[in-house]
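Peer 1:
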Amino acid sequence: MSKSETELWAALQADVDGLNGPGITQKTRLETLPQWDSLAILLVITHFEQAHGIVLSGNQIRACKTGRELLQLIPR
Amino acid sequence: MLSSLSNIRIAGLALSTGSVTRDFIADGLALGLERAQLERISQTVGLKERKVTAPGITALDLCEDAARRLLDEMGIDASAIDAVIFVTQTPDHSQPNNSSLLHGRLGLCKSTAAFDLAMGCSGWVYGLHQAALLCAHGGAARVLLCAGDTLSRLTNPLDRATDPLFGDAGSAALIEKTGHAPAMHFNLEADGSGAKSICVPAGGARLPATPLTKQEIKDAEGNIHHAENLQMNGSDVFNFTLREVPGSVASVLKMAGWTPMQADALILHQANRFMVSTIGKKCGFAPEKTPMDSVEKFGNQSSASIPCTLIHALGAPLQEKTLKVVACGYGVGLSWGSVALELGPIVVAPLQSFPKL
Chain A
32 MSKSETELWA
42 ALQADVDGLN
52 GPGITQKTRL
62 ETLPQWDSLA
72 ILLVITHFEQ
82 AHGIVLSGNQ
92 IRACKTGREL
102 LQLIPR
Chain B
483 MLSSLSNIRI
493 AGLALSTGSV
503 TRDFIADGLA
513 LGLERAQLER
523 ISQTVGLKER
533 KVTAPGITAL
543 DLCEDAARRL
553 LDEMGIDASA
563 IDAVIFVTQT
573 PDHSQPNNSS
583 LLHGRLGLCK
593 STAAFDLAMG
603 CSGWVYGLHQ
613 AALLCAHGGA
623 ARVLLCAGDT
633 LSRLTNPLDR
643 ATDPLFGDAG
653 SAALIEKTGH
663 APAMHFNLEA
673 DGSGAKSICV
683 PAGGARLPAT
693 PLTKQEIKDA
703 EGNIHHAENL
713 QMNGSDVFNF
723 TLREVPGSVA
733 SVLKMAGWTP
743 MQADALILHQ
753 ANRFMVSTIG
763 KKCGFAPEKT
773 PMDSVEKFGN
783 QSSASIPCTL
793 IHALGAPLQE
803 KTLKVVACGY
813 GVGLSWGSVA
823 LELGPIVVAP
833 LQSFPKL
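Those sequence lines, one after another, are chains A and B. Residues 32 to 107 in our numbering are what the first sequence lists, from first letter to last. Residues 483 to 839 in our numbering are what the second sequence lists, from first letter to last.
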């Protein structure tokens, strides 16, 4: 059974500290997060590789404006 | 390119580091950065300390020190060396090459061949392949392989994407022809389409150094550098290693007929602890077989990081017995190379700084 958006988001937040904090949701603009930096991008690359088996480029991740857009990179 | 070469052994290893210790947290605080943010990066990526050279010391000096200590420890006269290979991207001069300078410093014979390989983090494996080729097919009985860099000289102190990463070191390895050693199995690969991912744009023939190339700019992430500095797109490099290294390691394991369980160690280029841990896991190796402590103590030493890790993590057992070792270097080029070999017993000179403290 495929995971829900909520479960996918929770798993991403668990691996990427920059996406984890009070009030941060899938709709939060990533550029407003203080820890949305080059380290967070490395952690997103690692999460996608380990959880979903795909290797994203830094540019793919930087093009996302919100957490929801990050989740849309997961192959369905 | 796949290649298997038989009846060659690594007989000894030595490495000399820079003598100045730099602390990641203290350096960041001195630049006005927040302690919490520095500790977050330190814990996640594994940046703690690194050893850099004192002013005036170059990769040539570090490798000469390592080579002299190795030859002394092994009781081998310089006249017994048939070739010297110097792997570096930070030579003393554009001309002459470092291997010729080292040839002169060590007083090697005129019959000793000397050439450089301008390679970085993959360079030790490429250099080992060249040394093994000279022994297997080139008429050499003993080859001195020196690999070292002083990348800390190329980074801008205000570029937090590069400056905290690099330590300086020079290594020496003696490769010998022998009658009874199992094959070394290599896979050497490259992807020049990613060449700009790790780059020093100016200072070469394409864009000579001028006052303009020293003008600093601030990039999108707030890092400051100029065109003569080492610049790196960290996410692109990480992406490339995740994509390419596991397959490269798997290929030499297959050539050797080993599984990750049967190999004793996976020695990865020590880019940083986070990368080594992530890639080691993807290669199917248990964390205890993937040493990753040396980068937290010495920094990313470019082509010297694999010999440093061999000495730091496996120096004691390698003096006593044979280990099944897989090593993989990856980086500038982009290029990457893996080798599977049975290593030991060998002579290991102690790790030490140059000048010795």
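Cβ atoms here follow ideal geometry from the backbone N, Cα and C, with glycine treated the same way. This one's a predicted model, so the numbers in the text were calculated from it and none came from an experiment.
Quick one: Cα of V734 (chain B) to Cα of G649 (chain B), how far?
Peer 2: Taking the first residue of the second sequence as 1, we reach residue 734 (chain B) at position 252. Taking the first residue of the second sequence as 1, we reach residue 649 (chain B) at position 167. Taking the straight line from one Cα to the other gives about 29 Å.
Peer 1: Under 7 Å between beta-carbons, which chain B residues line up against G89 (chain A)? List them in chain order, please.
Peer 2: As a working mapping, residue 89 (chain A) is identified with position 58 in the first sequence. Residues of chain B passing the Cβ test: N715, S717, D718 and N721.
Peer 1: How about E703 (chain B): is its C-beta nearer than 8 Å to some C-beta of chain A?
Peer 2: Start at 1 with the first residue of the second sequence, and residue 703 (chain B) comes out as number 221. Chain A contact via Cβ: present.
Peer 1: Do the region 819–838 of chain B and the region 661–677 of chain B make contact, defined as three or more Cβ pairs closer than 8 Å?
Peer 2: Short answer: they touch.
Peer 1: Grouping DSSP H, G and I as helix and E and B as strand, with all else coil, what is R688 (chain B)?
Peer 2: For this step, residue 688 (chain B) is matched to residue 206 along the second sequence. R688 (chain B): coil per DSSP, three-state reduction.
Peer 1: DSSP state of N721 (chain B), grouped into three classes?
Peer 2: Reading the second sequence from its first residue, position 239 is the one you call residue 721 (chain B). Helix at N721 (chain B).
Peer 1: Going residue by residue through the region 507–540 of chain B, where are the continuous alpha helix (DSSP H) segments of at least 4 residues, counting only ones entirely within it?
Peer 2: If we require 4 residues or more, the alpha helix (DSSP H) runs fully inside the region 507–540 of chain B come out as 517–527.
Peer 1: Would a C-beta distance cut-off of 8 Å place L712 (chain B) and L800 (chain B) closer than the cut-off?
Peer 2: If you number the second sequence from 1, residue 712 (chain B) lands on position 230. If you number the second sequence from 1, residue 800 (chain B) lands on position 318. Not a contact, by the Cβ cut-off of 8 Å.
Peer 1: How far does the beta strand (DSSP E) with L39 (chain A) in it reach, from first residue to last?
Peer 2: Taking the first residue of the first sequence as 1, we reach residue 39 (chain A) at position 8. Here L39 (chain A) belongs to no beta strand (DSSP E); instead the alpha helix (DSSP H) covers E36 to D46.
Peer 1: Quick check: what's the CA-CA separation for V607 (chain B) versus M483 (chain B)?
Peer 2: Numbered from its first residue, the second sequence carries residue 607 (chain B) at position 125. Numbered from its first residue, the second sequence carries residue 483 (chain B) at position 1. C-alpha separation (whole angstroms): 13 Å.
Peer 1: Taking only three categories from DSSP, how would you classify V86 (chain A)?
Peer 2: Position 55 of the first sequence, counted from the start, is the residue given in the question as residue 86 (chain A). If DSSP states are grouped into helix, strand and coil, V86 (chain A) belongs with coil.
Peer 1: I want to verify the contact list: residues of chain B whose CB lies under 9 Å from the CB of I72 (chain A), in sequence order.
Peer 2: Translated into positions along the first sequence, residue 72 (chain A) becomes position 41. What I72 (chain A) touches in chain B: G716, S717 and F720.
Peer 1: Taking CB distances under 8 Å as the criterion, tell me whether M32 (chain A) reaches chain B.
Peer 2: Taking the first residue of the first sequence as 1, we reach residue 32 (chain A) at position 1. With a pLDDT of 47 at M32 (chain A), under the threshold of 50, the modelled position of this residue cannot be trusted; read the value that follows with caution. Not closer than 8 Å to any Cβ of chain B, the Cβ of M32 (chain A) fails to qualify, so no.
Peer 1: Would you call L839 (chain B) buried or exposed, if buried means 16 or more other Cβ atoms sit within 10 Å of its Cβ?
Peer 2: Position 357 of the second sequence, counted from the start, is the residue given in the question as residue 839 (chain B). When all chains shown are included, L839 (chain B) counts as exposed.
Peer 1: Measure the alpha-carbon distance for H794 (chain B) versus Q783 (chain B) and round it to whole angstroms.
Peer 2: Your numbering for residue 794 (chain B) matches position 312 in the second sequence. Your numbering for residue 783 (chain B) matches position 301 in the second sequence. The alpha-carbon atoms of H794 (chain B) and Q783 (chain B) are separated by roughly 13 Å.
Peer 1: So which of A:L50, A:H83 and A:T37 has the shortest CA-CA distance to R107 (chain A)?
Peer 2: Taking the first residue of the first sequence as 1, we reach residue 107 (chain A) at position 76. When each option's Cα is compared against that of R107 (chain A), the closest is A:H83.
Peer 1: Ignore the nearest five residues each way along the sequence and tell me which others in A745 (chain B)'s own chain have a CB closer than 6 Å to its CB.
Peer 2: Taking the first residue of the second sequence as 1, we reach residue 745 (chain B) at position 263. Around A745 (chain B): K806 and V808.
Peer 1: For E62 (chain A), go through chain B and note every residue whose CB falls closer than 9 Å to its CB, in chain order.
Peer 2: The residue given as residue 62 (chain A) occupies position 31 in the first sequence. Here the premise fails: no neighbours, minimum Cβ distance about 11 Å.
Peer 1: Is the shortest distance between the beta-carbon of R522 (chain B) and the beta-carbons of chain A less than 8 Å?
Peer 2: The sequence position of residue 522 (chain B) within the second sequence is 40, counting from 1. Yes - at least one Cβ of chain A is within 8 Å of the one on R522 (chain B).
Peer 1: Should I539 (chain B) be labelled buried (16 or more other beta-carbon atoms within 10 Å of its own) or exposed?
Peer 2: Residue numbering aside, residue 539 (chain B) sits at position 57 when the second sequence is read from its first letter. I539 (chain B) comes out buried.
Peer 1: Pull up the distance between the alpha-carbon of H708 (chain B) and that of G514 (chain B), whole angstroms please.
Peer 2: Position 226 of the second sequence, counting from 1, holds the residue named residue 708 (chain B). Position 32 of the second sequence, counting from 1, holds the residue named residue 514 (chain B). Using only the alpha carbons, I get a separation of about 21 Å.
Peer 1: By the criterion of Cβ-Cβ separation under 8 Å, what are the contact partners of I76 (chain A) in chain B?
Peer 2: Walking along the first sequence from the start, residue 76 (chain A) turns up at place 45. Result: S717, F720, N721 and L724.
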